[in-house]
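In the numbering used here, the protein residues as written are 362 to 572.
Virtual Cβ for every residue (Gly too), placed ideally from N, Cα, C.
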Amino acid sequence: MPDTLEATRHDVELPPDLLAFLACPTPDAWVDWALDNPELLLIDHAQCEKKAASTAMSLLYRYVDQPLLLTKMSQLAREELLHFEQVVKLMENRGIAYRHLSASRYAEGLRRHVRPQDPDRLVDILIIGAFIEARSCERFARLIPHLDDDLAKFYRTLVKSEGRHYEDYLMLARHLSAVSIDERVAFFAGCESQLIVTPDTAFRFHSGVPV
362 MPDTLEATRH
372 DVELPPDLLA
382 FLACPTPDAW
392 VDWALDNPEL
402 LLIDHAQCEK
412 KAASTAMSLL
422 YRYVDQPLLL
432 TKMSQLAREE
442 LLHFEQVVKL
452 MENRGIAYRH
462 LSASRYAEGL
472 RRHVRPQDPD
482 RLVDILIIGA
492 FIEARSCERF
502 ARLIPHLDDD
512 LAKFYRTLVK
522 SEGRHYEDYL
532 MLARHLSAVS
542 IDERVAFFAG
552 CESQLIVTPD
562 TAFRFHSGVP
572 V
(Lines of atoms letter the chains of each structure in order from A; the text may use other names.)
(Lines give C-alpha, C1' and ligand atoms only; values in the text may rest on other atoms or scores of the structure.)
Protein backbone atom coordinates (compact mmCIF):
# COMPACT_ATOMS: atom_id res chain seq x y z
CA MET A 362 0.00 0.00 0.00
CA PRO A 363 1.45 3.42 -0.87
CA ASP A 364 2.80 5.50 1.98
CA THR A 365 0.30 8.28 1.27
CA LEU A 366 -2.64 5.91 1.71
CA GLU A 367 -1.11 4.54 4.89
CA ALA A 368 -0.80 8.04 6.27
CA THR A 369 -4.49 8.63 5.54
CA ARG A 370 -5.42 5.49 7.42
CA HIS A 371 -3.29 6.60 10.36
CA ASP A 372 -5.52 9.63 10.86
CA VAL A 373 -8.04 7.27 12.44
CA GLU A 374 -5.62 6.07 15.10
CA LEU A 375 -3.01 8.79 15.48
CA PRO A 376 -3.44 12.47 16.35
CA PRO A 377 -3.01 14.69 13.28
CA ASP A 378 -0.44 16.82 15.12
CA LEU A 379 1.74 13.76 15.70
CA LEU A 380 1.63 12.82 12.03
CA ALA A 381 2.42 16.40 11.06
CA PHE A 382 5.34 16.43 13.51
CA LEU A 383 7.06 13.64 11.55
CA ALA A 384 8.45 14.75 8.21
CA CYS A 385 7.76 11.41 6.53
CA PRO A 386 5.80 8.21 7.10
CA THR A 387 7.55 4.92 7.76
CA PRO A 388 8.26 3.35 4.34
CA ASP A 389 6.49 0.13 3.39
CA ALA A 390 9.92 -1.48 2.97
CA TRP A 391 10.54 -1.16 6.72
CA VAL A 392 7.17 -2.73 7.55
CA ASP A 393 8.02 -5.71 5.33
CA TRP A 394 11.45 -5.92 6.95
CA ALA A 395 9.87 -5.95 10.41
CA LEU A 396 7.43 -8.70 9.49
CA ASP A 397 10.34 -10.78 8.19
CA ASN A 398 12.15 -10.35 11.55
CA PRO A 399 9.55 -10.88 14.30
CA GLU A 400 12.09 -11.96 16.94
CA LEU A 401 14.42 -9.02 16.32
CA LEU A 402 11.43 -6.69 16.38
CA LEU A 403 10.48 -7.75 19.90
CA ILE A 404 14.04 -7.95 21.24
CA ASP A 405 14.90 -4.48 20.00
CA HIS A 406 11.54 -3.19 21.17
CA ALA A 407 12.42 -4.37 24.67
CA GLN A 408 15.78 -2.62 24.43
CA CYS A 409 14.09 0.58 23.28
CA GLU A 410 11.79 0.56 26.31
CA LYS A 411 14.76 0.04 28.62
CA LYS A 412 16.73 2.83 26.95
CA ALA A 413 13.74 5.16 27.21
CA ALA A 414 13.54 4.53 30.94
CA SER A 415 17.30 5.10 31.25
CA THR A 416 17.06 8.41 29.39
CA ALA A 417 14.28 9.58 31.68
CA MET A 418 16.29 8.60 34.75
CA SER A 419 19.39 10.40 33.52
CA LEU A 420 17.36 13.58 33.10
CA LEU A 421 16.01 13.12 36.64
CA TYR A 422 19.53 13.03 38.02
CA ARG A 423 20.95 15.85 35.90
CA TYR A 424 18.20 18.47 36.13
CA VAL A 425 17.09 18.42 39.75
CA ASP A 426 16.05 22.08 39.63
CA GLN A 427 13.20 21.53 37.17
CA PRO A 428 10.07 20.37 39.06
CA LEU A 429 7.86 19.81 36.00
CA LEU A 430 10.57 17.82 34.25
CA LEU A 431 11.14 15.73 37.38
CA THR A 432 7.46 14.85 37.61
CA LYS A 433 7.08 13.97 33.93
CA MET A 434 10.33 11.98 33.73
CA SER A 435 9.52 10.02 36.88
CA GLN A 436 6.16 9.05 35.42
CA LEU A 437 7.71 8.22 32.06
CA ALA A 438 10.48 6.07 33.56
CA ARG A 439 7.96 3.97 35.50
CA GLU A 440 5.80 3.50 32.44
CA GLU A 441 8.71 2.58 30.15
CA LEU A 442 9.96 0.00 32.64
CA LEU A 443 6.47 -1.50 32.80
CA HIS A 444 6.47 -1.71 29.01
CA PHE A 445 9.88 -3.38 29.15
CA GLU A 446 8.53 -6.00 31.55
CA GLN A 447 5.51 -6.56 29.32
CA VAL A 448 7.61 -7.05 26.19
CA VAL A 449 9.96 -9.47 27.98
CA LYS A 450 6.96 -11.45 29.25
CA LEU A 451 5.47 -11.52 25.76
CA MET A 452 8.78 -12.77 24.39
CA GLU A 453 8.94 -15.47 27.06
CA ASN A 454 5.47 -16.66 26.10
CA ARG A 455 6.61 -16.94 22.49
CA GLY A 456 9.85 -18.74 23.29
CA ILE A 457 12.03 -15.79 22.29
CA ALA A 458 15.22 -15.39 24.32
CA TYR A 459 16.13 -11.83 25.27
CA ARG A 460 19.67 -11.00 24.21
CA HIS A 461 21.81 -7.96 23.62
CA LEU A 462 21.60 -6.28 20.22
CA SER A 463 23.86 -3.56 18.91
CA ALA A 464 22.23 -0.16 18.87
CA SER A 465 20.75 1.21 15.69
CA ARG A 466 22.16 4.37 14.11
CA TYR A 467 18.89 6.22 14.83
CA ALA A 468 19.29 7.72 18.30
CA GLU A 469 22.99 8.48 17.83
CA GLY A 470 22.23 10.01 14.44
CA LEU A 471 19.96 12.49 16.21
CA ARG A 472 22.02 13.07 19.33
CA ARG A 473 25.17 14.00 17.44
CA HIS A 474 23.44 17.30 16.67
CA VAL A 475 22.72 18.19 20.31
CA ARG A 476 24.13 21.56 21.27
CA PRO A 477 26.80 21.31 24.00
CA GLN A 478 25.67 23.90 26.54
CA ASP A 479 22.50 24.09 28.63
CA PRO A 480 19.76 25.15 28.37
CA ASP A 481 20.13 24.47 24.62
CA ARG A 482 21.41 20.97 25.33
CA LEU A 483 18.37 20.04 27.39
CA VAL A 484 15.96 21.51 24.86
CA ASP A 485 17.54 19.47 22.06
CA ILE A 486 17.43 16.27 24.12
CA LEU A 487 13.74 16.83 24.81
CA ILE A 488 12.98 17.50 21.13
CA ILE A 489 14.80 14.28 20.20
CA GLY A 490 12.78 12.45 22.84
CA ALA A 491 9.62 13.75 21.21
CA PHE A 492 10.75 12.44 17.81
CA ILE A 493 11.68 9.01 19.19
CA GLU A 494 8.30 8.66 20.92
CA ALA A 495 6.34 9.97 17.93
CA ARG A 496 8.13 7.61 15.53
CA SER A 497 7.58 4.68 17.88
CA CYS A 498 3.89 5.52 18.02
CA GLU A 499 3.67 5.77 14.24
CA ARG A 500 5.47 2.47 13.73
CA PHE A 501 3.20 0.65 16.17
CA ALA A 502 0.28 1.92 14.12
CA ARG A 503 1.90 0.78 10.88
CA LEU A 504 2.47 -2.72 12.26
CA ILE A 505 -0.87 -3.33 14.00
CA PRO A 506 -2.86 -4.38 10.88
CA HIS A 507 -0.29 -7.10 10.13
CA LEU A 508 0.14 -8.65 13.59
CA ASP A 509 -1.53 -11.49 15.45
CA ASP A 510 -4.34 -10.52 17.81
CA ASP A 511 -2.32 -10.59 21.05
CA LEU A 512 0.56 -8.47 19.76
CA ALA A 513 -1.79 -6.10 17.94
CA LYS A 514 -3.79 -5.59 21.14
CA PHE A 515 -0.61 -4.84 23.09
CA TYR A 516 0.66 -2.40 20.49
CA ARG A 517 -2.68 -0.58 20.49
CA THR A 518 -2.15 0.20 24.17
CA LEU A 519 1.35 1.47 23.39
CA VAL A 520 0.06 3.84 20.69
CA LYS A 521 -1.73 5.79 23.41
CA SER A 522 1.16 5.89 25.87
CA GLU A 523 3.85 6.70 23.30
CA GLY A 524 1.64 9.47 21.95
CA ARG A 525 1.39 10.91 25.45
CA HIS A 526 5.15 10.69 25.90
CA TYR A 527 5.67 12.58 22.64
CA GLU A 528 3.36 15.32 23.91
CA ASP A 529 5.17 15.51 27.25
CA TYR A 530 8.62 15.78 25.70
CA LEU A 531 7.52 18.50 23.30
CA MET A 532 5.68 20.40 26.04
CA LEU A 533 8.78 20.32 28.25
CA ALA A 534 11.00 21.53 25.41
CA ARG A 535 8.70 24.51 24.85
CA HIS A 536 8.36 25.14 28.58
CA LEU A 537 12.10 25.16 29.24
CA SER A 538 13.19 27.21 26.23
CA ALA A 539 13.31 30.98 26.44
CA VAL A 540 12.79 31.24 22.67
CA SER A 541 10.71 29.46 20.04
CA ILE A 542 11.83 25.89 19.39
CA ASP A 543 10.21 25.72 15.94
CA GLU A 544 13.51 26.09 14.10
CA ARG A 545 15.13 23.26 16.09
CA VAL A 546 12.08 21.05 15.62
CA ALA A 547 12.28 21.59 11.86
CA PHE A 548 16.00 20.85 11.90
CA PHE A 549 15.57 17.57 13.78
CA ALA A 550 12.58 16.64 11.62
CA GLY A 551 14.88 16.74 8.60
CA CYS A 552 17.57 14.70 10.35
CA GLU A 553 15.04 12.16 11.57
CA SER A 554 13.38 11.66 8.19
CA GLN A 555 16.74 11.00 6.55
CA LEU A 556 17.48 8.26 9.07
CA ILE A 557 14.06 6.73 8.34
CA VAL A 558 14.11 6.72 4.53
CA THR A 559 17.77 5.92 3.78
CA PRO A 560 19.26 2.41 3.56
CA ASP A 561 20.31 0.64 6.75
CA THR A 562 22.47 -2.43 7.22
CA ALA A 563 20.69 -4.04 10.20
CA PHE A 564 17.03 -4.30 11.13
CA ARG A 565 16.02 -2.48 14.28
CA PHE A 566 12.81 -0.93 15.55
CA HIS A 567 14.04 2.53 14.45
CA SER A 568 16.14 1.48 11.46
CA GLY A 569 15.85 2.89 7.98
CA VAL A 570 15.01 0.77 4.94
CA PRO A 571 16.89 -2.40 3.99
CA VAL A 572 19.90 -2.02 1.74
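Could you check the C-alpha separation between T562 and A384 for me, to the nearest Å?
The count along the sequence shown starts at 1 and reaches residue 562 at position 201. The count along the sequence shown starts at 1 and reaches residue 384 at position 23. Going from the Cα of T562 to the Cα of A384 covers about 22 Å.
Among A502, L531, P428 and S554, which one has its Cα closest to the Cα of V392?
The count along the sequence shown starts at 1 and reaches residue 392 at position 31. Checked all of A502, L531, P428 and S554; the closest Cα to V392 is A502.
I575 and F549: beta carbons closer than 9 Å?
Here the chain covers residues 362 to 572 and nothing more, so residue 575 does not appear.
Whose C-beta lies closer than 6 Å to the C-beta of L430 among residues of the same chain, with five residues either side of it excluded?
Position 69 of the sequence shown holds residue 430. These residues qualify, in order along the chain: Y424 and L533.
What residue range does the alpha helix (DSSP H) around Q555 cover?
By 1-based counting over the sequence shown, the position of residue 555 is 194. Q555 -> alpha helix (DSSP H) spans D543 to V558.
Can you tell me the Cα-Cα spacing of L443 and G470, whole angstroms?
In the sequence shown, the residue the question calls residue 443 occupies position 82. In the sequence shown, the residue the question calls residue 470 occupies position 109. Those two C-alpha atoms are separated by around 27 Å.
Within 10 angstroms of its Cβ, does T559 collect 16 or more other Cβ (buried), or is it exposed?
If you number the sequence shown from 1, residue 559 lands on position 198. Flag for T559 reads exposed.
Here's the rule: buried if 16 or more other CB atoms are within 10 angstroms of the residue's CB, otherwise exposed. What is E441?
Translated into the one-based positions of the sequence shown, residue 441 becomes position 80. By the 10 Å Cβ count, E441 comes out buried.
Contact defined as beta carbons within less than 8 Å: I believe A491 pairs with L531. What is the distance between those atoms, to the nearest angstrom?
For this step, residue 491 is matched to residue 130 along the sequence shown. For this step, residue 531 is matched to residue 170 along the sequence shown. With a Cβ gap of about 4 Å, A491 and L531 count as contacting.
So, using beta-carbon positions, are T387 and E499 closer together than 9 Å?
Working through the sequence shown from its first residue, we reach residue 387 at position 26. Working through the sequence shown from its first residue, we reach residue 499 at position 138. Cβ distance < 9 Å, so T387 and E499 count as in contact.
Comparing C-alpha positions only, which one of D543, F515, A495 and K521 sits nearest to E446?
For this step, residue 446 is matched to residue 85 along the sequence shown. The shortest C-alpha separation from E446 is found at F515.
Cutting at 6 Å between CB atoms, please list the residues of its own chain near P477, excluding the five before and the five after it.
In the sequence shown, residue 477 corresponds to position 116, counting from 1. Excluding positions up to five away in sequence, the list is empty.
Relative to the alpha-carbon of A390, which residue among V448, Q427, Q436 and L504 has its alpha-carbon at the smallest distance?
Position 29 of the sequence shown, counting from 1, holds the residue named residue 390. Minimum Cα distance to A390 is reached at L504.
Quick check: the Cα distance between S554 and Y467, rounded to an integer number of angstroms?
As a first step, residue 554 is located in the sequence shown; it is residue number 193 there, counting from the start. As a first step, residue 467 is located in the sequence shown; it is residue number 106 there, counting from the start. If you take the alpha carbons of S554 and Y467, they lie about 10 Å apart.
CB A495 to CB L402, shorter than 9 Å?
Here the question's residue 495 lines up with position 134 in the sequence shown. Here the question's residue 402 lines up with position 41 in the sequence shown. No. Outside cutoff.
Pull up the distance between the alpha-carbon of L483 and that of K411, whole angstroms please.
What you label residue 483 is simply residue 122 of the sequence shown in a count that begins at 1. What you label residue 411 is simply residue 50 of the sequence shown in a count that begins at 1. Using only the alpha carbons, I get a separation of about 20 Å.
For E523, is the classification buried or exposed, using 16 other Cβ atoms within 10 angstroms of its Cβ as the cut-off for buried?
Your numbering for residue 523 matches position 162 in the sequence shown. Buried, by the Cβ-count rule.
With a floor of 4 residues, list each alpha helix (DSSP H) that falls wholly inside the stretch 372-401, ordered by position along the chain.
Listed in chain order, they are 377-382 and 389-396.
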